[in-house]
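Structure first, commentary second.
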């Protein structure tokens, strides 16, 4: 994981908070909830634990959900009904998700291996008794008392959880903290010093719609089938196609084009989803050019679903934000002489080993990385 994410992790990305926590429709309500918490933070249930043990922090976070977020939403919804203004605020005051955790491995299904999740947020409208499944996870987290020196190890552990989310939800564009071209986030929040900011974040995650969690609204699940509409050559109307829910092929690499292939339920076609490569001819165009080539897949339909530039809009990435994940290089301190196929070790060193420094990836510190990346998540149908 360290090598896979090398050069792809960005910290302190400018514009992150504004885009994801100030622009959404629920942001005003989240601010109101954080202020309510600040006013009630002296209450016994809502006091942030002096000794932030995992169990105590979990109880505090659930208390926030029950006493602040849900309670406030229910009160505002009741007042709105009394005033006859429910239609205008239906989305804003709708709890879409809830906080969960597991106490042992194997309590969450659908993963590549049994894992224990300290913290995650899942959809709220699921039938009771179904248990937990990776396909329903919206956000993942980790509760720990370890010092900041262990940050990278815990961050990489979160990335492993993220890979489980993408394998269970291969058509998802984005998971908060990670996208398929690498993780990025804003600055670290010290919840001990600023718990109300965490209240804002938690409220936002629980009020966000599936679309705001980047679950594609153009693709819907219908029982044991996936339904997608695509453009068909010669027709101006989108045609609907039915696919099996289990993919024939799915990339397991976290930083990738996210290539996923499904079979149609009538087993006549396959549908491939992937991100286009910037600056190169798309696979759709290549299939159109090769339409008369014997043995080549026949293009039946296609559709562009989302652009990377849309996901990155409003965000600023520079090389100074890159967080290196590779393990520290070890310096060879024993002098050797290479001669042909043999290696001769010298008994005494004739010079002091000098520390090697990692060269900057950018010739100019702070050079802006191209933020308008024209990669596109698309679906193509072939026969």
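Numbering (my numbering), first residue to last: 478 to 860. By construction, the Cβ of each residue, glycine as well, lies at the ideal position given by its N, Cα and C atoms. Nothing here was measured: the structure is a model prediction, and the numbers come from that model.
1) Nearest by alpha-carbon distance to residue 748: which of 732, 724, 791 is it?
2) Closest to residue 797 by CA distance: which of 479, 484, 478 is it?
3) What does a CB cutoff of less than 7 Å around residue 675 pick up in its chain, not counting 5 residues either side in sequence?
4) Applying the criterion that 16 or more other CB atoms from any shown protein chain within 10 Å of the CB defines a buried residue, is residue 526 buried or exposed?
5) I need the straight-line Cα distance from residue 623 to residue 801, nearest angstrom please.
6) Can residue 750 be considered in contact with the ligand NAP, in the sense that its beta carbon sits closer than 6 Å to one or more heavy atoms?
7) Quick check on this structure: which residue in 589, 770, 594, 573 has the alpha carbon closest to the alpha carbon of residue 582?
8) Output the boundary residues of the beta strand (DSSP E) element that contains residue 703.
9) Between which two residues does the alpha helix (DSSP H) carrying residue 513 extend?
10) Strictly by DSSP, which residues pair up with residue 717?
11) Helix, strand or coil: how does DSSP classify residue 729 here?
12) When the Cα atoms are used, what is the spatial distance from residue 752 to residue 735?
13) Assuming residue 615 is part of the alpha helix (DSSP H), what are its boundary residues?
14) State the Cα-Cα distance for the pair residue 737 and residue 636, rounded to the nearest angstrom.
15) Less than 7 Å between the beta carbons of residue 638 and residue 620, yes or no?
Per the coordinate set shown:
1) For the purposes of this step, residue 748 is taken as residue 271 along the chain shown, with counting starting at 1. It is 724.
2) Working through the chain shown from its first residue, we reach residue 797 at position 320. The alpha carbon of residue 797 has as its nearest neighbour, out of 479, 484, 478, the alpha carbon of 484.
3) Here the question's residue 675 lines up with position 198 in the chain shown. Cβ within range, chain order: 666, 668.
4) Taking the first residue of the chain shown as 1, we reach residue 526 at position 49. Answer is exposed; the Cβ neighbour count stays below 16.
5) Stepping through the chain shown from its first residue, residue 623 is reached at position 146. Stepping through the chain shown from its first residue, residue 801 is reached at position 324. Roughly 20 Å separates the two Cα atoms.
6) Looking for the ligand NAP in the displayed structure turns up nothing, as the structure carries no ligands at all.
7) As a position in the chain shown, residue 582 is number 105, starting the count at 1. Comparing Cα-Cα distances from residue 582 to each of 589, 770, 594, 573, the minimum goes to 594.
8) Against the chain shown, residue 703 aligns to sequence position 226. 702-707 is the extent of the beta strand (DSSP E) around residue 703.
9) Here the question's residue 513 lines up with position 36 in the chain shown. Taken as a continuous stretch (DSSP letters only), the alpha helix (DSSP H) holding residue 513 covers 504-517.
10) Position 240 of the chain shown holds residue 717. Bridge pairing for residue 717: 706 [DSSP].
11) Counted from its first residue, the chain shown places residue 729 at position 252. Coil.
12) As a first step, residue 752 must be located in the chain shown, where it is residue number 275. As a first step, residue 735 must be located in the chain shown, where it is residue number 258. Our two residues, residue 752 and residue 735, have alpha carbons roughly 6 Å apart in a direct line.
13) Here residue 615 corresponds to residue number 138 of the chain shown, with the count starting at 1. Run containing residue 615: none in the alpha helix (DSSP H); it sits in the beta strand (DSSP E), 614-618.
14) Indexing the chain shown from 1 puts residue 737 at position 260. Indexing the chain shown from 1 puts residue 636 at position 159. Cα to Cα, residue 737 sits roughly 20 Å from residue 636.
15) One-based indexing of the chain shown puts residue 638 at position 161. One-based indexing of the chain shown puts residue 620 at position 143. No Cβ-Cβ contact shorter than 7 Å links residue 638 with residue 620.
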